[in-house]
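Just so we're aligned, residue -11 is where the sequence shown starts under the working numbering, counting upward by one. Yeah, the Cβ is synthetic: ideal placement off N, Cα and C, and Gly gets one too. Quick caveat, the model's predicted, so the values are computed rather than measured.
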Amino acid sequence: MEILQLQLTKKKPEWLHTWFPVWETTPLKELEVRDFALILDEWLDKDMVSTARVNRGLWVDIYKEAQHAGEVPPGWNPPEATRKPIPKVTRARLTLEDWQKIYNATPEKHFIRNAMLLAIVTGQRRDDICHMRFSDVWNEHLHITQGKTGMRLALPLTLRCDAIGITLKEVIDGCRDRILSPYLIHSRHQKQPKPMSKDNLSDYFAKARDLAGITPPAGKTPPTFHEQRSLSERLYRAQGIDTKTLLGHKVQATTDRYNDTRGQEWVKLVV
(Lines of atoms letter the chains of each structure in order from A and count residues from 1; the text may use other names and numbers.)
(Lines give C-alpha, C1' and ligand atoms only; values in the text may rest on other atoms or scores of the structure.)
Protein backbone atom coordinates (compact mmCIF):
# COMPACT_ATOMS: atom_id res chain seq x y z
CA MET A 1 0.00 0.00 0.00
CA GLU A 2 2.94 2.33 0.60
CA ILE A 3 4.01 1.81 -3.03
CA LEU A 4 0.48 2.64 -4.22
CA GLN A 5 0.40 5.77 -2.08
CA LEU A 6 3.77 6.90 -3.46
CA GLN A 7 2.68 6.36 -7.07
CA LEU A 8 -0.52 8.32 -6.61
CA THR A 9 1.25 11.12 -4.75
CA LYS A 10 3.64 11.56 -7.65
CA LYS A 11 0.81 11.45 -10.17
CA LYS A 12 -1.79 13.79 -8.68
CA PRO A 13 -0.58 15.40 -5.44
CA GLU A 14 -2.97 18.35 -5.58
CA TRP A 15 -6.03 16.06 -5.45
CA LEU A 16 -5.09 13.91 -2.48
CA HIS A 17 -5.72 16.30 0.40
CA THR A 18 -9.31 15.15 0.75
CA TRP A 19 -8.38 11.50 0.45
CA PHE A 20 -5.52 10.92 2.87
CA PRO A 21 -7.36 11.98 6.09
CA VAL A 22 -9.95 9.27 5.41
CA TRP A 23 -7.34 6.79 4.27
CA GLU A 24 -5.27 7.20 7.43
CA THR A 25 -8.14 6.28 9.75
CA THR A 26 -10.19 3.76 7.78
CA PRO A 27 -9.02 0.71 5.79
CA LEU A 28 -9.97 0.80 2.12
CA LYS A 29 -12.14 -2.29 2.37
CA GLU A 30 -14.25 -0.68 5.12
CA LEU A 31 -15.14 2.46 3.18
CA GLU A 32 -18.61 2.43 1.64
CA VAL A 33 -20.38 4.18 -1.20
CA ARG A 34 -21.96 6.79 1.06
CA ASP A 35 -18.52 7.85 2.38
CA PHE A 36 -17.61 9.00 -1.10
CA ALA A 37 -21.10 10.23 -1.99
CA LEU A 38 -21.07 12.63 0.97
CA ILE A 39 -17.80 14.20 -0.16
CA LEU A 40 -19.02 14.48 -3.74
CA ASP A 41 -22.32 16.04 -2.65
CA GLU A 42 -20.41 18.63 -0.61
CA TRP A 43 -18.46 19.69 -3.68
CA LEU A 44 -21.54 19.69 -5.90
CA ASP A 45 -23.37 21.91 -3.41
CA LYS A 46 -20.54 24.41 -3.93
CA ASP A 47 -20.74 24.07 -7.75
CA MET A 48 -17.30 22.42 -7.73
CA VAL A 49 -18.31 19.94 -10.43
CA SER A 50 -14.85 19.68 -11.96
CA THR A 51 -13.26 18.95 -8.58
CA ALA A 52 -15.86 16.28 -7.86
CA ARG A 53 -15.42 14.68 -11.27
CA VAL A 54 -11.62 14.59 -11.09
CA ASN A 55 -11.50 13.24 -7.55
CA ARG A 56 -14.10 10.57 -8.26
CA GLY A 57 -11.97 9.36 -11.14
CA LEU A 58 -8.93 9.30 -8.87
CA TRP A 59 -10.75 7.27 -6.22
CA VAL A 60 -11.91 4.75 -8.79
CA ASP A 61 -8.29 4.36 -9.96
CA ILE A 62 -7.10 3.90 -6.37
CA TYR A 63 -9.52 1.04 -5.81
CA LYS A 64 -8.54 -0.59 -9.09
CA GLU A 65 -4.91 -0.52 -7.97
CA ALA A 66 -5.92 -1.78 -4.53
CA GLN A 67 -7.71 -4.73 -6.13
CA HIS A 68 -4.60 -5.53 -8.13
CA ALA A 69 -2.49 -5.34 -4.95
CA GLY A 70 -4.91 -7.58 -3.04
CA GLU A 71 -5.81 -4.87 -0.52
CA VAL A 72 -9.54 -5.17 -1.26
CA PRO A 73 -11.66 -8.04 -2.66
CA PRO A 74 -12.00 -8.33 -6.46
CA GLY A 75 -14.67 -5.97 -7.77
CA TRP A 76 -14.74 -3.86 -4.59
CA ASN A 77 -14.88 -0.24 -5.80
CA PRO A 78 -17.32 1.92 -3.78
CA PRO A 79 -16.58 5.24 -5.56
CA GLU A 80 -17.44 3.65 -8.90
CA ALA A 81 -20.99 3.11 -7.62
CA THR A 82 -21.49 6.84 -6.97
CA ARG A 83 -23.28 9.05 -9.49
CA LYS A 84 -20.82 10.48 -11.99
CA PRO A 85 -20.76 14.30 -11.75
CA ILE A 86 -21.81 15.90 -15.02
CA PRO A 87 -20.45 19.40 -15.66
CA LYS A 88 -22.99 21.97 -16.78
CA VAL A 89 -22.11 23.31 -20.21
CA THR A 90 -22.24 27.11 -20.16
CA ARG A 91 -20.33 27.93 -23.35
CA ALA A 92 -22.53 29.26 -26.13
CA ARG A 93 -22.61 27.51 -29.48
CA LEU A 94 -21.34 29.36 -32.53
CA THR A 95 -23.83 30.12 -35.30
CA LEU A 96 -22.88 30.57 -38.94
CA GLU A 97 -24.04 34.19 -38.85
CA ASP A 98 -21.82 34.96 -35.85
CA TRP A 99 -18.91 33.08 -37.44
CA GLN A 100 -19.14 35.27 -40.52
CA LYS A 101 -19.14 38.40 -38.36
CA ILE A 102 -16.07 37.20 -36.47
CA TYR A 103 -14.27 36.26 -39.69
CA ASN A 104 -14.95 39.70 -41.17
CA ALA A 105 -13.59 41.30 -38.00
CA THR A 106 -10.19 39.61 -38.40
CA PRO A 107 -7.31 41.43 -40.15
CA GLU A 108 -6.88 40.57 -43.83
CA LYS A 109 -4.07 38.11 -44.61
CA HIS A 110 -3.74 37.31 -40.89
CA PHE A 111 -3.11 33.69 -39.89
CA ILE A 112 -6.28 33.62 -37.79
CA ARG A 113 -8.33 33.86 -41.00
CA ASN A 114 -6.66 30.78 -42.43
CA ALA A 115 -7.06 28.99 -39.09
CA MET A 116 -10.79 29.77 -39.00
CA LEU A 117 -11.27 28.51 -42.55
CA LEU A 118 -9.37 25.31 -41.76
CA ALA A 119 -11.46 24.84 -38.61
CA ILE A 120 -14.71 24.99 -40.58
CA VAL A 121 -13.62 23.10 -43.69
CA THR A 122 -11.76 20.30 -41.85
CA GLY A 123 -13.66 20.18 -38.53
CA GLN A 124 -10.43 19.50 -36.64
CA ARG A 125 -9.22 20.58 -33.20
CA ARG A 126 -6.95 23.56 -32.50
CA ASP A 127 -3.82 21.50 -31.89
CA ASP A 128 -4.29 19.48 -35.07
CA ILE A 129 -4.79 22.65 -37.09
CA CYS A 130 -1.58 24.11 -35.68
CA HIS A 131 0.36 21.00 -36.71
CA MET A 132 -0.93 20.78 -40.29
CA ARG A 133 1.97 20.87 -42.77
CA PHE A 134 2.10 21.48 -46.49
CA SER A 135 3.94 18.16 -46.72
CA ASP A 136 0.83 16.45 -45.30
CA VAL A 137 -0.81 16.95 -48.67
CA TRP A 138 -0.30 14.13 -51.15
CA ASN A 139 -2.44 12.01 -53.45
CA GLU A 140 -4.98 14.85 -53.50
CA HIS A 141 -5.65 14.47 -49.75
CA LEU A 142 -4.69 16.30 -46.56
CA HIS A 143 -3.41 13.69 -44.10
CA ILE A 144 -4.04 14.29 -40.40
CA THR A 145 -3.02 12.27 -37.35
CA GLN A 146 -5.18 13.58 -34.52
CA GLY A 147 -3.13 14.41 -31.45
CA LYS A 148 -5.87 13.59 -28.96
CA THR A 149 -6.89 10.16 -30.25
CA GLY A 150 -4.24 9.12 -32.76
CA MET A 151 -6.95 8.74 -35.40
CA ARG A 152 -5.52 8.98 -38.92
CA LEU A 153 -7.63 10.85 -41.45
CA ALA A 154 -7.21 11.61 -45.13
CA LEU A 155 -9.46 14.46 -46.25
CA PRO A 156 -9.89 14.97 -50.00
CA LEU A 157 -8.84 18.37 -51.30
CA THR A 158 -12.20 18.50 -53.07
CA LEU A 159 -13.99 18.62 -49.69
CA ARG A 160 -16.22 21.67 -49.87
CA CYS A 161 -18.21 23.43 -47.19
CA ASP A 162 -21.16 24.77 -49.14
CA ALA A 163 -22.22 27.14 -46.35
CA ILE A 164 -19.10 29.27 -46.78
CA GLY A 165 -18.45 28.32 -50.41
CA ILE A 166 -14.85 27.13 -50.27
CA THR A 167 -12.93 23.87 -50.79
CA LEU A 168 -10.10 22.44 -48.73
CA LYS A 169 -7.70 22.97 -51.64
CA GLU A 170 -8.63 26.64 -51.85
CA VAL A 171 -8.04 27.07 -48.11
CA ILE A 172 -4.62 25.39 -48.29
CA ASP A 173 -3.65 27.47 -51.33
CA GLY A 174 -4.62 30.57 -49.36
CA CYS A 175 -2.18 29.57 -46.62
CA ARG A 176 0.76 29.88 -49.02
CA ASP A 177 2.66 33.16 -48.90
CA ARG A 178 6.20 34.51 -48.94
CA ILE A 179 6.93 33.26 -45.42
CA LEU A 180 9.05 30.11 -45.43
CA SER A 181 7.27 27.75 -43.07
CA PRO A 182 6.35 24.06 -43.30
CA TYR A 183 3.11 24.75 -41.43
CA LEU A 184 -0.17 25.89 -42.93
CA ILE A 185 -0.74 28.25 -40.00
CA HIS A 186 2.25 30.54 -39.47
CA SER A 187 3.19 34.12 -38.74
CA ARG A 188 5.92 36.44 -39.94
CA HIS A 189 6.72 37.11 -36.30
CA GLN A 190 7.85 33.53 -35.70
CA LYS A 191 11.64 33.37 -35.61
CA GLN A 192 11.77 29.61 -36.10
CA PRO A 193 9.55 27.32 -38.18
CA LYS A 194 7.53 25.70 -35.43
CA PRO A 195 3.82 25.01 -34.87
CA MET A 196 1.70 27.97 -33.90
CA SER A 197 0.56 27.91 -30.28
CA LYS A 198 -3.08 26.84 -30.01
CA ASP A 199 -3.51 29.57 -27.40
CA ASN A 200 -2.68 32.12 -30.10
CA LEU A 201 -5.62 30.84 -32.12
CA SER A 202 -7.91 31.17 -29.11
CA ASP A 203 -6.67 34.66 -28.23
CA TYR A 204 -6.99 36.13 -31.73
CA PHE A 205 -10.37 34.47 -32.20
CA ALA A 206 -11.58 35.99 -28.92
CA LYS A 207 -10.33 39.44 -29.95
CA ALA A 208 -12.16 39.25 -33.27
CA ARG A 209 -15.27 37.90 -31.56
CA ASP A 210 -15.35 40.82 -29.13
CA LEU A 211 -14.60 43.28 -31.93
CA ALA A 212 -17.55 41.84 -33.87
CA GLY A 213 -19.79 42.49 -30.86
CA ILE A 214 -20.82 38.86 -30.37
CA THR A 215 -22.65 38.49 -27.07
CA PRO A 216 -23.78 35.13 -25.66
CA PRO A 217 -27.31 34.39 -24.43
CA ALA A 218 -28.04 34.96 -20.76
CA GLY A 219 -26.25 32.46 -18.55
CA LYS A 220 -23.78 31.48 -21.28
CA THR A 221 -20.13 32.29 -21.89
CA PRO A 222 -18.94 33.48 -25.33
CA PRO A 223 -18.12 30.85 -27.98
CA THR A 224 -14.44 29.95 -28.31
CA PHE A 225 -12.30 28.83 -31.24
CA HIS A 226 -13.15 25.21 -30.43
CA GLU A 227 -16.84 25.86 -31.10
CA GLN A 228 -16.03 25.96 -34.80
CA ARG A 229 -15.68 22.18 -34.61
CA SER A 230 -19.34 21.89 -33.62
CA LEU A 231 -20.37 24.41 -36.27
CA SER A 232 -18.44 22.46 -38.90
CA GLU A 233 -20.20 19.25 -37.87
CA ARG A 234 -23.62 20.84 -38.10
CA LEU A 235 -22.95 22.44 -41.48
CA TYR A 236 -21.57 19.25 -42.99
CA ARG A 237 -24.32 17.06 -41.53
CA ALA A 238 -26.91 19.27 -43.22
CA GLN A 239 -24.86 18.87 -46.40
CA GLY A 240 -24.96 15.07 -46.14
CA ILE A 241 -21.29 14.53 -45.25
CA ASP A 242 -20.24 11.65 -42.95
CA THR A 243 -19.35 13.83 -39.95
CA LYS A 244 -18.46 10.89 -37.70
CA THR A 245 -15.54 10.08 -39.99
CA LEU A 246 -14.71 13.75 -40.55
CA LEU A 247 -14.34 14.47 -36.83
CA GLY A 248 -12.48 11.21 -36.20
CA HIS A 249 -14.98 9.73 -33.77
CA LYS A 250 -15.36 6.00 -33.14
CA VAL A 251 -18.98 6.18 -31.99
CA GLN A 252 -21.88 8.21 -33.38
CA ALA A 253 -22.99 9.35 -29.92
CA THR A 254 -19.85 11.47 -29.59
CA THR A 255 -20.53 13.16 -32.92
CA ASP A 256 -24.15 13.76 -31.94
CA ARG A 257 -23.04 15.85 -28.96
CA TYR A 258 -21.41 18.27 -31.39
CA ASN A 259 -24.70 18.48 -33.29
CA ASP A 260 -26.50 19.86 -30.22
CA THR A 261 -27.10 23.58 -30.80
CA ARG A 262 -27.86 24.13 -27.08
CA GLY A 263 -31.03 25.99 -27.99
CA GLN A 264 -29.36 28.71 -30.07
CA GLU A 265 -30.67 27.83 -33.52
CA TRP A 266 -34.14 27.21 -34.90
CA VAL A 267 -34.81 23.63 -35.92
CA LYS A 268 -36.40 23.85 -39.36
CA LEU A 269 -38.97 21.35 -40.58
CA VAL A 270 -38.22 20.22 -44.14
CA VAL A 271 -41.37 19.46 -46.18
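Asked, Found
"Pick out the complete alpha helix (DSSP H) segments inside the segment 90 to 165, 4 residues or longer, and give them in chain order.", "99 to 110, 114 to 118, 156 to 162"
"May I ask which residues mark the beginning and end of the alpha helix (DSSP H) holding R176?", "No alpha helix (DSSP H) holds R176; DSSP gives it neither H nor E."
"Following the continuous alpha helix (DSSP H) through G45, name the residue where it begins and the one where it ends.", "37 to 57"
"Which value, in whole angstroms, describes the spacing of the CA atoms of E30 and N43?", "13 Å"
"Run through DSSP, which three-state label would T13 get?", "helix"
"Given a cut-off of 7 Å on the beta-carbon distance, is the pair T231 and E221 in contact?", "yes"
"For the structure I just gave you, are there three or more beta carbon pairs, one from the segment 138 to 154 and one from the segment 171 to 184, closer than 8 Å?", "no"
"Report all residues from its chain with a CB closer than 6 Å to the CB of I74; omit the five preceding and five following residues, and keep chain order.", "none"
"Output yes or no for whether 7 Å exceeds the beta carbon distance between A262 and A93.", "Since the first and last residues shown for the chain are -11 and 259, residue 262 lies out of range."
"Over what stretch of residues does the alpha helix (DSSP H) that includes W31 continue unbroken?", "21 to 33"
"Between the segment 231 to 247 and the segment 136 to 144, do at least 3 Cβ pairs fall closer than 8 Å?", "yes"
"Quick one: Cα of L141 to Cα of V60, how far?", "43 Å"
"Checking 7 Å against the spacing of the C-beta atoms, do H40 and L26 come in under that value?", "Position check: residue 40 holds Ala in this sequence, whereas His was assumed. Result no, Cβ atoms of A40 and L26 do not sit closer than 7 Å."
"On the CB-based measure, 16 or more other CB atoms within 10 Å of its CB, does D35 come out buried or exposed?", "exposed"
"Thinking C-beta only, is L189 closer than 7 Å to A80?", "no"
"Are the CB atoms of P181 and P170 nearer to each other than 7 Å?", "yes"
"Would you mind reading off the limits of the alpha helix (DSSP H) that contains E221?", "215 to 227"
"Per the DSSP calculation, R81 is bridged to which residue(s)?", "BP columns for R81 are empty, so no partner."
"Residues in the same chain with beta-carbon distance under 6 Å from K17, minus the five sequence neighbours each way, listed in chain order, please.", "V60"
"Across which residues does DSSP place T209 in a beta bridge pair?", "R79"
"Quick one: what does DSSP say D230 is sitting in, helix, strand or coil?", "coil"
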